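Residue numbers (this note's numbering): 440 to 593.
Structure, as structure tokens:
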């Protein structure tokens, strides 16, 4: 099992009752769009009450046991933690913390070596093109273009 944890280094500063900073990287709109195209299915929404035990996270949500403690910690910072995957495939899911309209990357895991995010980001135009081609309008348009090309050649 390959696991990537995105917790940032925390430094404890002496001082008053400061609000703890969120120790996970914030996702930009562009990065979130790439992740959502790559992993379009939200398979679970976890909050502090559903993340009480590591066993519940492992058995109910498919979170690797090595990440269950991290997900439990993350629920302290966020309104909810979401697990995003591909449809009907348990490949390279991610855990994302949601706070208001902001999203933070907590962790990702998979059985095979994980694709680097830059590779995923570069594939976004291909994913969008595939969605257009595979849509009903894309199929009809492709068939019409093929028919026109065939008629032109005759």
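C-beta: ideal position from N, C-alpha, C; glycine also.
Just so you know, these numbers come straight off a predicted model, no measurement behind them.
Between the Cα of residue 440 and those of 513, 502 and 545, spot the shortest distance and give me the residue it belongs to.
502
I need the boundaries of the alpha helix (DSSP H) containing residue 476, first residue and last residue.
468-477
Spell out the partners DSSP gives residue 442 in its beta bridges.
548
I'd like to confirm the pairing. Which residues does DSSP put opposite residue 511 in its beta bridges?
Partner(s): none; residue 511 has no beta bridge.
If you compare alpha carbons, which of 515, 477, 491 and 486 is closest to residue 524?
477
Limits of the unbroken beta strand (DSSP E) element including residue 465
Counting along the chain, residue 465 falls outside any beta strand (DSSP E), and DSSP gives it neither H nor E.
What did DSSP end up calling residue 563 once you bin it into helix, strand or coil?
helix
Excluding the five sequence neighbours on either side, which residues of its own chain have a C-beta within less than 6 Å of the C-beta of residue 466, listed in chain order?
So the list reads 542 and 544, once near-sequence residues are dropped.
Any idea if residue 504 is buried or exposed, counting beta-carbon neighbours within 10 angstroms, 16 or more meaning buried?
A residue is called buried when at least 16 other Cβ atoms come within 10 angstroms of its Cβ; residue 504 does not meet this threshold and is exposed.
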